[in-house]
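S.K.: To start, I am sharing the structure in question, which I have written as structure tokens.
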Amino acid sequence: MSLNGKVAIVTGSGAGLGLAYAQELARQGAAVIINDVSQEAADSAVASITEAGGRASAVVAPVGSSETADLLVKTAVDTFGGLDILVTNAGILRDRSLLKMTDEDFDLVINVHLKGTFTCVRSAYAYFKENGVAGRIVTIGSPTGQRGNFGQTNYAAAKAGIVGMVRTWAMEMKKAGVCVNAVIPVAATAMTKTVPFFQAAVEADERGEAMPEFFRKELGFGPAQDVAGLIAFLSSEEAAGVTGQAIGVGGDRLQVWSHPEAVATEFQDGGWDYATMLAEGKAILEANLQSVGERMPELPAELQPENAK
4 MSLNGKVAIV TGSGAGLGLA YAQELARQGA AVIINDVSQE AADSAVASIT EAGGRASAVV
64 APVGSSETAD LLVKTAVDTF GGLDILVTNA GILRDRSLLK MTDEDFDLVI NVHLKGTFTC
124 VRSAYAYFKE NGVAGRIVTI GSPTGQRGNF GQTNYAAAKA GIVGMVRTWA MEMKKAGVCV
184 NAVIPVAATA MTKTVPFFQA AVEADERGEA MPEFFRKELG FGPAQDVAGL IAFLSSEEAA
244 GVTGQAIGVG GDRLQVWSHP EAVATEFQDG GWDYATMLAE GKAILEANLQ SVGERMPELP
304 AELQPENAK
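Okay, so the sequence shown: first residue is 4 according to my numbering, each after it adds one.
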């Protein structure tokens, strides 16, 4: 087992994607600290690992504060003797269009996703550096953070910010031998169950059947377990050369996302004043406009949701 003897923290791991990550890390030999805000969910997650022969313990606390981050690291060290891996998965949604989004909606999502990633990574890295551990940090991004999505101003900002922090941390942590990456998962979750577009895939999964190939291949969409293998790999010593990356996974698809690069570069003697922008700059911009939002292919007729047929 490639993670035998390692100790991992997985935030937001009481259910869903986080639980799948924690279970896979345990299956590969790691002892795991489960984190959730629900005692019942945390206990159930721990039991699912220990009953399968793994090692796990729980910290029930909301992610965001430095106190929770420090508690997670302390619990890992006190319970299992150290820390090698951090997976920052915890998150919440408060989806609303811009004019309907409240300050509280924005602050709650930013606090859990963005600040929670920052505080947990800071605490884990401090432990790694102080103890000479060439640790692994896996943060969780989203296609929404890469391309945007209607009604998710707060979530898009948080997820884009996480990838930005990862690029910075990869430089700061290089000398210590710590690798940090962002995973961009596409998988069936409680949220996708409510989206008609994914109805045929979700229903197949709930019946215990494989999802249709259209979802697995065209959309890179599958169950949570399809993401867990990448999480475990990035947590291993075999991934020592991989850092600062945004890597997408889901269904049968693996993607490496590019870092932002200029798609057009032009120079103008004297600079780009308003008149020059009208005369030349406008055409340059219009010839290179970039799309926003995810590009979803049309569903085949046989996979259309019932109310659309």
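Built from N, CA and C at the ideal position, the CB exists for glycine as well.
1. Excluding the 5 residues preceding and the 5 following N291 in the sequence, name in chain order all residues of the same chain whose CB lies nearer than 6 Å to its CB.
2. Unbroken beta strand (DSSP E) runs of length 3 or more, entirely within the region 117-155: which are they?
3. Would you mind sorting A59 into buried or exposed? The rule is 16 or more other CB atoms within 10 Å of its CB.
4. Rounding to the nearest angstrom, what Cα-Cα distance links V35 and G56 in this structure?
5. Return the CA-CA distance between A353 and S16, expressed in angstroms with no decimal places.
6. In angstroms, rounded to a whole number, what distance separates the CA positions of P65 and L111?
7. So, helix, strand or coil for Q202, using DSSP?
8. Going by C-alpha to C-alpha distance, which of T14, G138 and I113 sits closest to F236?
9. According to DSSP, what are the bridge partners of W260?
10. So the candidates are T82, L102, L75 and M299; which of them puts its Cα closest to the Cα of T91?
11. Among the residues of its own chain, which have a CB less than 7 Å from the CB of A204, if the five just before and after it don't count?
12. For W172, count neighbouring C-beta atoms within 10 Å of its own C-beta (all shown protein chains included) and say buried if the count is 16 or more, exposed if not.
13. Considering only C-alpha positions, which residue in the set R30, Q26 and L20 is nearest to N7?
M.R.: Straight from the coordinates:
1. V266 and A267
2. 139-143
3. buried
4. 12 Å
5. This structure cannot settle anything about residue 353, because the visible part of the chain is limited to 4 through 312.
6. 11 Å
7. helix
8. G138
9. A249
10. L75
11. A191, M214, P215, F218 and F224
12. buried
13. R30
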